[in-house]
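Protein chains in written order, with my numbering: chain A, 1 to 146; chain B, 1001 to 1146. To keep things clear, I will list the structure first and then write my remarks on it.
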DNA sequence: CGAGTTGTAATTGCAACGGTTACTTCTGTT
DNA sequence: AACAGAAGTAACCGTTGCAATTACAACTCG
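What follows is the structure, encoded as structure tokens:
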């Protein structure tokens, strides 16, 4: 299973907000046009980012503002905000192994720490990247374009 | 999005095959009972593992045999076998960012290596665990039970 | 007040998942 | 040769999540 495109869309949103905040009023329509999707999709993601406390959204007038320095917003924060998972567990464990089977009643214990370490490896790597990295990377790419 | 339970089911299968291979004929019915699901679900997963070259399945008579030493079958092998993903990309990138927008036409380049490194972190950790680890871990758990 | 914008509910089409039934194909045994 | 047991597989179901869309209420500012 793939991780929802909401994640890359959210990163795209942050990059747009950062790049265009002084030039344009960055509304859900504006963002939808850059991302090439529907404004409602954007608003829903903005809502998730807002609920997670990562941004503020100006009602009525429009506009998006990060609530923290960009270096303090990691990919992990964004991921957790837009792709909430039941119990925070990346792996969907089959629910009811047979407790009368020796393997069935021990498999969960056997796998648990291994699955956790795999999930942790992914999430730790996500924590290494921040929105500030996006800011710098985009500046560089735009400079190369010119 | 969670990773399909086919992954933990497949690991459960390997553990059962290893634990019961001398005592019982390990059929899809037998496995379905330990895992507490439908035999057809098991057969479908066995088919995926077979296609990936990880096991052989005895038609007619029943039974599952790994094709390699257990230490040479990693969690990654199992994951790739049962959870095939389009283009092998963990992250679903939104398809059509607007090329007329400076951010839109650069976002893919900007994110690509970062997303790849996150995926790689997960997959590398998956490669650290093998079915042999399951064998040893299960033996230990069963010894503690006795 | 009115224009522009966000917030949100409701609906749609689609795909994947897990489950189930039913049937065919294969294999070893009697 | 027939039979029983088992894998292989197609077809279908209900549920869920996703992305998209329409429609409308709530809000803000000029």
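Backbone N, C-alpha and C fix where the C-beta goes; we use that ideal spot for every residue, glycine too.
Listed along the chain, the chain A residues whose CB falls inside 8 Å of the CB of residue 1114/B are 75, 129, 133. For residue 65/A, the uninterrupted beta strand (DSSP E) run begins and ends at 64–66, by DSSP.
DSSP links residue 1130/B through a beta bridge to 1074/B. Within chain B, the residues placing a beta-carbon under 8 Å from that of residue 19/A are 1102, 1103, ordered along the chain. Here the alpha carbon of residue 1126/B sits roughly 15 Å from the alpha carbon of residue 1070/B. Interface residue (Cβ-Cβ distance to chain A less than 8 Å): residue 1137/B is classified as such. Fewer than three Cβ pairs drawn from the stretch 53–72 of chain A and the stretch 85–96 of chain A lie within less than 8 Å of each other, which leaves the two stretches out of contact. Looking at the backbone, the Cα of residue 1034/B and that of residue 106/A are separated by about 11 Å.
One Cα belongs to residue 1122/B, the other to residue 5/A, and the distance between them is close to 18 Å. The DSSP-derived three-state label of residue 35/A is helix. DSSP, read as helix, strand or coil, puts residue 56/A in strand. Residue 1134/B is positioned such that its CB atom lies no closer than 8 Å to that of residue 1007/B. Residue 73/A and residue 1078/B have their C-alpha atoms some 34 Å from each other. The Cβ neighbour count for residue 117/A, taken over all protein chains shown within 10 Å, is under 16; the residue is labelled exposed. Looking at the backbone, the Cα of residue 1029/B and that of residue 1048/B are separated by about 17 Å. Contact between residue 1066/B and residue 1054/B holds, with the beta-carbon distance rounding to 7 Å and staying under 8 Å.
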